[in-house]
Amino acid sequence: MKLLLALLATALCASAALPPDEAKAVFEEGNSLFRQANEASVSDPQQAYDLYRRSALRYERLIDEGGIQNGRLYYNLGNAYFRMDDLGRAILNYRRAERFLPGDSDIRQNLESARSRRLDRFELETREKALRTLLFWHYDLSFALRRLLLAVCSGAFWGLLIWTTIGRKRIPRAALLGAGLAALSLAISLGAEAAGAASSNEGVVTAPETVARKGDGETYEQAFTEPLHAGAEFRLLEQRSGWYRGELPDGRAFWVAARDAELVRR
-4 MKLLLALLAT ALCASAALPP DEAKAVFEEG NSLFRQANEA SVSDPQQAYD LYRRSALRYE
56 RLIDEGGIQN GRLYYNLGNA YFRMDDLGRA ILNYRRAERF LPGDSDIRQN LESARSRRLD
116 RFELETREKA LRTLLFWHYD LSFALRRLLL AVCSGAFWGL LIWTTIGRKR IPRAALLGAG
176 LAALSLAISL GAEAAGAASS NEGVVTAPET VARKGDGETY EQAFTEPLHA GAEFRLLEQR
236 SGWYRGELPD GRAFWVAARD AELVRR
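Take -4 as the starting number for the sequence shown in this note's numbering and just add one per residue.
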């Protein structure tokens, strides 16, 4: 119901072609097709695939024609593509959903599930590994858990401060300092993740496979001995007509045809 209200509110504000009543009907039809696909998935996989595809088309119509963008809509679209085994577009839309709902556990779980099925595996570059080790709490703890810890540490800091100020009780300075630093670190962590998701400048390979090049044209040599496959993620370095220059998690740079990849930020 909340998602439906959000869709209608966005439709009212958008300069889009879909009126609110039609947007509501398209959204409900997409959900209905998705449920039908789930029911058919065991007995008739081909019918289920077709229903998932039709469901995805309804969600995409809301985005493309209705101008509606929110986390739950992209999450639903990612689920439809995931069920079609289209890992590239599933990961792409889960990443888009994260921009609107950073730290959402359902999105994170499904995104990691899709990532685990990719063909490509990349080792993190040394600097990134060091950062993840040093700031393990930022990378290893969920958004929800860090938010809870922030509330606990903030409460402890202010409670201790009030206790020492009003109650005139002496407490170890290290306890007050520790609670304050922990709260500050967690606040920075949460803010950085939310800002990073909102300003993400990254891309995802959506073609089943594509040849990475050393330049922005088909005549350039291959950047790697093996092609990149659907779901490979990269940081956008540069954009030219019909081409993206990206950097893989292991630090290697390459060019990819824009027809074979999409950017997280639309």
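Every residue gets a Cβ at the ideal spot worked out from N, C-alpha and C, and that includes glycine.
Exercise for review: Identify whether Gln64 lies in helix, strand or coil by the three-state DSSP scheme.
Suggested key: When DSSP states are grouped into helix, strand and coil, Gln64 belongs to the coil group.
**Study point:** Any non-hydrogen atom of the ligand HEM within 6 Å of Gln42 CB
**Key:** Of ligands this structure carries none, so the ligand HEM is not represented either.
**Study point:** Rounded distance between the beta-carbons of Val199 and Glu257, thought under 8 Å
**Key:** That belief holds up - the Cβ atoms of Glu257 and Val199 are roughly 6 Å apart, short of 8 Å.
Check your understanding: Can the beta-carbon of Ala92 be found closer than 7 Å to that of Tyr69?
Key -> Yes. Within cutoff.
Check your understanding: Does DSSP put Ala248 in a helix, in a strand, or in coil?
Key -> Taken through DSSP and simplified to helix, strand or coil, Ala248 comes out as strand.
Review point. Measuring CB to CB, does Ala218 end up less than 7 Å from Asp255?
Key: No. Outside cutoff.
Review point. By how many angstroms is the C-alpha of Ala225 removed from the C-alpha of Ser108?
Key: Computed Cα separation, rounded: 14 Å.
Practice item. Report the three-state DSSP secondary structure of Tyr215 (helix, strand or coil). Key: Look at Tyr215 here: in three-state DSSP terms it is coil, with no helix or strand label.
Check your understanding: With which residues is Arg240 paired in a DSSP beta bridge?
Key -> The partner list for Arg240 (beta bridge, DSSP) reads Glu233, Trp250.
Review point. Under 7 Å between the Cβ atoms of Glu60 and Ala12?
Key: Their beta carbons are under 7 Å apart, which means Glu60 touches Ala12 by this criterion.
**Study point:** Continuous alpha helix (DSSP H) stretch holding Ala227: start and end
**Key:** From DSSP, Ala227 is part of no alpha helix (DSSP H); its letter is neither H nor E.
Check your understanding: Since Phe117 contacts Pro222 with CB under 8 Å, what's their CB separation in whole angstroms?
Key -> At roughly 14 Å, the Cβ-Cβ gap does not stay under 8 Å, so Phe117 and Pro222 are not in contact.
**Study point:** Glu34 - containing alpha helix (DSSP H), residue span
**Key:** Segment 15 to 35, the alpha helix (DSSP H) holding Glu34.
Check your understanding: Which residues bound the beta strand (DSSP E) around Glu257?
Key -> Unbroken beta strand (DSSP E) run through Glu257: 256 to 258.
Exercise for review: Could you check how far apart the C-beta atoms of Trp238 and Ala253 are, in whole angstroms? I think they sit under 8 Å.
Suggested key: Going by Cβ atoms, the distance from Trp238 to Ala253 rounds to 6 Å, so yes, they are a contact pair.
Practice item. Would you mind sorting Gly66 into buried or exposed? The rule is 16 or more other CB atoms within 10 Å of its CB. Key: Buried is the call here.
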